[in-house]
Amino acid sequence: MDRNPGCELDLGWLHSVNVNANAVHECVEYIIADKKVEGEHYAAWLLKAVTCIDLTTLGGDDTSSNVARLCRKAAQPISQNILDALGFKEDDDISIKTAAVCVYPSRVEDAVKELRKLNQCGKINVASVATGFPSGQMPLKTRLQEINYAVEKGATEIDIVINRTLVLTGKWEELYQEIQQMKEACGPNVHMKSILAVGELDTMSNIYKASLVAMMAGSDFIKTSTGKETVNATLPFGLVMARAIKEYYQRMGYKVGLKPAGGIRTRKDAINWLILIKEVLGHDWLNNELFRFGASGLLGDIESALYKFAFKREPESYMFTLG
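Take a look at the structure:
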């Protein structure tokens, strides 16, 4: 798949954007209503969701040991006895792993070291947040240096965070230029996800415009949230971003990924997001090259659901904590 190279900033395109928030909410209700996933399809969708997770730890108390535990869980996210009971046969082409682990820049080296020990380098990505996460309010030079540091330590993906002030004040040219410089700092081999922090962008139209600017500047993914905002990933926000992705693809011919993050904790949340993506963007987006979940608690709930599906009984409460 050809990566998005970006394009020149098209202010006319931005100025034509007008999103009706009420219509967005009604559309989400229509898309999700009566869409049930049952039987074998239920287990398959949950396994698909697992492979799209960026398993995340972004705590002030992160240490090398809990990053190592995170990496081990990313490599074996679903217990083997559950996979066996589901009849899932793993081989070199089909395996259940999370798409990435996501950490702070200072923990990238720990993640790379552990994945190397597990023989998972190149199979599980190391994503690092950067650019003054979560506020994006640091000087641009410092934000770019943070990208450089994470890449030097071995990050294969960078989750940048935009300066929301530029959106709220309509400084689209400056936003475009900043994201372009961030993409350049990532280099040719590192994928960049642009966190929009949609809960702080005030209007649906601003979310759509920020999505377009991020894609025009060369983002490989656009991401809803840092997970630190009061309002994070909601389906209406996701619909607005997905429609922007669809329009960009129709005009420019390049597929850009979507990553909801923050507040996605349950199997129902995961399935609803997958339904939304399938209905708006189609099957091509139902893979971890074009869709990710940013989550820390989601995996445990999915594993619990798969256990219940496989063994027809509830798991013990201690069984699926990260460890």
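Add 6 to the 1-based position in the sequence shown for our numbering, that's all there is to it.
For each residue, glycine too, the CB sits at the ideal point set by N, CA and C.
Computed from a predicted model, the values in this text were never measured in an experiment.
Inter-residue Cα distance where the pair is residue i and residue j
i       : j       : result
Gln-186 : Arg-319 : 51 Å
His-289 : Arg-249 : 15 Å
Ile-270 : Lys-215 : 24 Å
Leu-241 : Cys-13  : 28 Å
Glu-35  : Glu-120 : 42 Å
Val-219 : Tyr-182 : 6 Å
Ile-3   : Glu-96  : A question about residue 3 goes unanswered here, because the residues of the chain that appear run from 7 up to 329.
Ile-308 : Leu-124 : 23 Å
Glu-152 : Gly-93  : 44 Å
Gln-126 : Ala-106 : 10 Å
Lys-199 : Lys-41  : 29 Å
Glu-46  : Ala-311 : 13 Å
Trp-51  : Gly-268 : 20 Å
Thr-148 : Phe-317 : 52 Å
Arg-78  : Ala-117 : 10 Å
Gly-128 : Leu-61  : 16 Å
Ser-225 : Glu-44  : 35 Å
Thr-209 : Asp-275 : 23 Å
Gly-306 : Gly-300 : 14 Å
Thr-137 : His-21  : 27 Å
Arg-257 : Thr-69  : 45 Å
Ile-37  : Ala-91  : 32 Å
Trp-19  : Leu-174 : 18 Å
Leu-89  : Gly-303 : 20 Å
Leu-64  : Glu-285 : 31 Å
Lys-314 : Ala-49  : 10 Å
His-31  : Ser-217 : 18 Å
Three-state class that DSSP yields for residue i in the structure shown
i       : result
Ser-211 : helix
Glu-322 : coil
Ala-267 : strand
Ala-49  : helix
Val-43  : coil
Ala-301 : strand
Asp-68  : coil
Thr-63  : coil
Arg-75  : helix
Thr-272 : coil
Arg-257 : helix
Gly-233 : coil
Ser-22  : coil
Thr-240 : coil
Ile-281 : helix
Arg-170 : helix
Cys-33  : helix
Arg-9   : coil
Cys-58  : coil
Lys-159 : coil
Gln-82  : coil
Leu-218 : helix
Asn-87  : helix
Leu-287 : coil
Asp-307 : helix
Beta-ladder partner(s) of residue i, from DSSP
i       : result
Met-198 : Ile-164
Ile-228 : Ser-200, Leu-264
Check: residue i C-beta below 6 Å from any heavy atom of the ligand MG
i       : result
Ile-185 : For the ligand MG, the structure offers nothing, since it holds no ligand at all.
Minimum Cβ-Cβ distance from residue i to chain D less than 7 Å
i      : result
Glu-35 : This model lacks chain D altogether, as it is built from one protein chain only.
Notebook entry, point to check: Fully enclosed by the region 89-154, which alpha helix (DSSP H) runs are 4 residues long or longer?
Noted result: 114-123
Notebook entry, point to check: Do the region 73-87 and the region 275-290 touch if we need at least three Cβ pairs shorter than 8 Å?
Noted result: no
Item checked: the region 120-133 in contact with the region 148-168 per 3-pair CB rule at 8 Å -> yes
Check: Does the region 20-32 come within contact of the region 229-236, defined as at least 3 CB pairs closer than 8 Å?
Finding: no
Note to self: So, does the region 240-255 touch the region 205-215, judging by three or more C-beta pairs under 8 Å?
What the structure shows: yes
Next item on the list: Could you tell me whether the region 92-103 touches the region 193-209, where touching means 3 or more Cβ pairs closer than 8 Å?
Entry: no
Next item on the list: Would you check if there are 3 or more beta carbon pairs closer than 8 Å linking the region 251-264 to the region 60-77?
Entry: no
Item checked: Contact between the region 271-279 and the region 47-65 (3+ Cβ pairs under 8 Å) -> yes
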